[in-house]
Structure formats: C-alpha cells, structure tokens
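Residue numbers (the numbering used here): 344 to 814. By construction, the Cβ of each residue, glycine as well, lies at the ideal position given by its N, Cα and C atoms.
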Amino acid sequence: MKINYNDLIPNNVGLSDDRRLLRALERWQPAYLNWWNELGPIDTETFQVYLRTAISVESNGWANYGHVHMPDYRWGIFLSPPEPNRKIGFGYHKGEEAWSEVPGEYRTELRRLIVTQGDTEPASVEQQRHLGKTCPSLYDLRNLFQVNVEEGRHLWAMVYLLHAHFGRDGREEADEMLDRHAGDPDKPRILEAFNETTDDWLSFFMFTYFQDRDGKFQLAALSESGFDPLSRTCRFMLTEEAHHMFVGETGIMRIIQRTCELMQKHDSDDVRPFGGIDLLTIQKWINFHYSICLDLFGSEKSTNAANYYSMGLKGRYQEAKINDDHILTNSQTLVPKVEDNKISTEESALLTAINYKLREDYAKDSQRGISRFNKIIRNYAINTELKLPDAAFNRNIGVFKDINCSPDGTILSQSEWQEHRHEWLPSEDDYAFVRSLMVPVIEPGKMASWIAPPKRGIHGLDIDYEYVMFH
Ligand SMILES: [Fe+2]
Ligand SMILES: [Fe+2]
C-alpha cells in the first residue's frame, strides 16, 4: 500500500479510507503531543536532531535519516507486510487461518496483552525525560532521542490496535496510556521496572540493554499471535527494538573500555578518582537491572500465560523453530522451586511454564553481551569478569520472591542480606558518585571522561558530526 507522506499520521494501514478511525486517532494525537511536551525529553522544543523516521516498512523507507525539529517528528503507524495465508502456529487453533479481527471470546485477554505492552512504551520515555541534560556526547544525545521517539511510535502502534479493533473500551484504554505515569504514586505504570527512575546514563545504557531486551522477547512472543494485526505490528517494532539494544550494548562496551584504559594507565581497580566508573559499580548496575527485568516475565508457573498460549494469543520465542506439537497439553518441563529454604526444581506442565521458558531465552540472550563485555576486559589483561546474577537474586515476583540470595544463588538470612546487599546493588553513595560524573558534553566529537568514543558514527557519518543542533 502506498503511503501518503502528507498525512498527519504517516501509515500503511489505509487510515485515509477509514474516516472513523482516522478521526479517533486525530483526536488522540493532541493528547499525545501534550504528553510528549510535558513528560517527554525536557526542554527540547528548539532542538533539531538527526533522526531516523519510518515512512514505510520497505527497506528503503523505514530508515529515513535527517535533522528533525523534535516536536515535528511524525509518529507513524506501520504494520509489517501480511504473510499470505498465514496460519495460527500454536494452541487450540493451530493450523486455522490467522484472525484479522479480534475473536470475541478472547477480547478481554487480547486487550490486556496489548495494554500491558503499550504501557511500557511511554513509561520508558518518562523515565528518561531528564537524561538529555547530562549527555556524555552529541552522538549519545541523538541516540537517546532516537530511542525516545521510537518508544513514542510504539505507543502509537498499540493505540492504533486499541482504536481500530476494540471500540469504545479500546479508546478508553488509549486515553489511560497517557494518564498513568512512571513512578506516579496514584497512577503508576503497570509493570514495576517501568516505575524506576533512569536518571544517569549508566542506567540508561543498562535500561536499553536489559529492559529493551525484555521488550524484544515480549514482542517476539506477541509477533507469533494468531491475531494478525498484532503480529504484524510487533514484527515491525522488533526492527526498531534492535537499535535500542545496540545503543545499550555499545554504550556499556564503551564505558567498560574507558574503565579498562584508566585501570591500565593508573594501575588501579579504583578508577573513580580519574573520572571513570569502576567495574564493581558496573557489576552492581547489571545486578539491579537484570534482576528487575526477570520480574517482568511474571511467575514461573502461570495459568494466564498457559491460557494466552492455548488461545493462540501469545506464543513462545521463535515458536516455529521449536520442534514439538505446539499444543503442549502433554508436555512436562522442570521449573525452579523453593522449599525449606532450599532451591531445587520440580516437574511442571510445559503449558503453565511458558513465562519461565521465555525468561530462560531472555537470560541466554542477555549472557551473549556479557561475554562480549568480558572480552574487552580480557583484552586489557585484567583479571575480572562481569556476570549475570543468579535468577534467585533480588527478586520480587515468582518462586524466589520470599528468599534472599547472593548473586551466586546462595540463600542468605535477612540479616546477612542487609549486611551485604550494597556489595551487590547500587547504594546511595554509588548513585551519588555516578550522578557526579553526569556533566553534559555537547561539543561535537567530544566524550565525557567515563566513556570511550563509539567505533563509528550514525548512518555512515563521522563521530564529530553535529547530530543535535540546539536552535
Ligand atoms: Fe518499544
Ligand atoms: Fe525499545
């Protein structure tokens, strides 16, 4: 389908042919812009940012680069092209034609899945609102805004589904997306990791490494959905999500590289006096972000997850590549359990362990980057390894929520935990130190003291390109 570039809302969903839907979205748009101005990146009205804008889903259209006046960014609605004769790949309806409309009997569940996903998108923008003030370079500032505008677009993607397929209650849910706010005591965001603050750049890079990776796995599971518009929406969002994780992974790598340079130069593990972030501090940030992200996958055993699967609404990661019956009513698996203060495993129906399986896939994917981080450290002949903490560490949801564990998975008493927790999790002093490093660097090509320059610039441009113009 051809896109009308002049549309207020660039799209490939035929908006101009659906007056009712177009009007609903045009009504929602001012509320969205209001929200962006009030809770999106602070004081950016005059900025021109070198951004990627999606104007179509074709390979030459979804990544259009140029300086954009931030408030004029055009948030569009894009679905990946339909797969002809797509069939539902799992659950009771396996083998049936994928649904182009919401099946009435699954309406509530489907809406809940879309709202839960949608809610995380504006939440992350709110969480990152103040970061632009302390950017370590123009390159990084541009990347922050790129992530922000795309999370805004992801909200549009979910709001489109609500408006187009859920009638009045969909419209109400779309309004609520702008009413809940990250960290608001009265109307918080739905998932806890999206109520935390992200007010330093180490946290931002960890966020885009860990939280955005959770996004990848949730979107991948939803892209298997029998509800075809959701599947196609998520498939397109995944292409953008890859960049967010790139920002996180390369950001952490650049910090580690700088830390290692300073360690070598000063022959000391403590690089704080030299304006670097020591490896122990980086490890604490990993421990924090990874553990709160594991909570995002929910309880290891979940009848909701089993129902979503059987109904054909949310699949597993890369469902089609898994070699089993995709119905799972007769399959068993092992899940962790805690009994008498000991961690072991027990048999469970695979169907109820869907969350756990997705979390395991996430853990594997998270480990890949950690291995790359350690390679940098080894290259400097430094004898330290970064690690993902054990799944039992610092958990608030699931089987581990009532125990205290060290990062290596040893169960601790309450007093042991209190005594040691700040060896593993950021303390107020750690936060204060990291925040003390957060001074803005806005001269093109210059980097803050605690981070190495990137290997290359954006879209073939030099590192010292003026990625953000302030007027
Ligand atoms: Fe997103
Ligand atoms: Fe993202």
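Proximity test, residue i beta-carbon vs ligand 1 heavy atom, cut-off 8 Å
i    : result
S295 : The requested residue 295 is not part of the displayed model; the chain covers only 344 to 814.
M580 : yes
H497 : yes
G419 : no
T387 : no
E703 : no
T463 : yes
E682 : no
H587 : yes
G558 : yes
E584 : yes
Residue i Cβ short of 8 Å to ligand 2 heavy atom set
i    : result
D555 : yes
V411 : no
H814 : no
V490 : yes
T551 : yes
E516 : no
E493 : yes
DSSP beta-bridge partners of residue i
i    : result
G409 : L394
F570 : W442
C748 : I754
M317 : No answer is possible for residue 317: the residues shown for the chain start at 344 and end at 814.
N354 : I420
K798 : In the DSSP output, where bridge partners are listed per residue, K798 has none listed.
K430 : E440
heavy atom of ligand 3 below 8 Å from residue i C-beta
i    : result
E539 : Looking at this structure, you won't find ligand 3 anywhere; what it does contain is ligand 1 and ligand 2.
Quick check for students: name the residue ranges of the alpha helix (DSSP H) that lie wholly in the region 613-696, counting only runs of 4 or more. 622-638 and 646-653
Does the region 505-516 come within contact of the region 576-596, defined as at least 3 CB pairs closer than 8 Å? no
Using 8 Å as the cut-off, can you tell me whether the region 459-475 makes contact with the region 539-546, which would need three or more C-beta pairs spanning the two stretches below that distance? yes
Count the C-beta pairs between the region 779-794 and the region 611-626 that are closer than 8 Å, then say yes if the count reaches three, no if not. yes
Would you say the region 657-674 touches the region 603-618, given that touching needs at least three Cβ pairs under 8 Å? no
Is there contact here, the region 628-645 with the region 728-745, by at least three beta-carbon pairs under 8 Å? yes
Three or more C-beta pairs under 8 Å: does that hold for the region 493-509 against the region 559-579? yes
If contact is defined by three or more beta carbon pairs under 8 Å, each pair taking one atom from either stretch, is the region 758-768 in contact with the region 527-534? no
Under 8 Å: do the region 695-711 and the region 648-657 share three or more Cβ pairs, one atom per stretch? yes
Is the region 379-389 in contact with the region 406-415, if contact means three or more CB pairs nearer than 8 Å? yes
Enumerated in chain order, which unbroken segments of the alpha helix (DSSP H) with a length of 4 residues or greater are wholly contained in the region 479-545? 481-508 and 510-522
Flag this pair as touching only if the region 661-676 and the region 722-737 have three or more C-beta atom pairs under 8 Å; answer yes or no. no
The region 710-727 touching the region 594-603, judged by at least three CB pairs closer than 8 Å: yes
Would the region 511-525 and the region 420-433 be scored as touching if the rule is three or more Cβ pairs under 8 Å? no
Taking one C-beta from the region 776-788 and one from the region 541-556 each time, how about it: are there three or more such pairs within less than 8 Å? yes
Per the contact definition of three or more C-beta pairs closer than 8 Å, is the region 372-384 in contact with the region 449-469? yes
Between the region 564-574 and the region 436-446, are three or more C-beta pairs nearer than 8 Å? yes
What are the uninterrupted segments assigned as beta strand (DSSP E) that are 3 or more residues long and contained completely in the region 702-747, given in chain order? none
Segment contact flag, the region 631-639 with the region 551-562, C-beta cutoff 8 Å, min 3 pairs: yes
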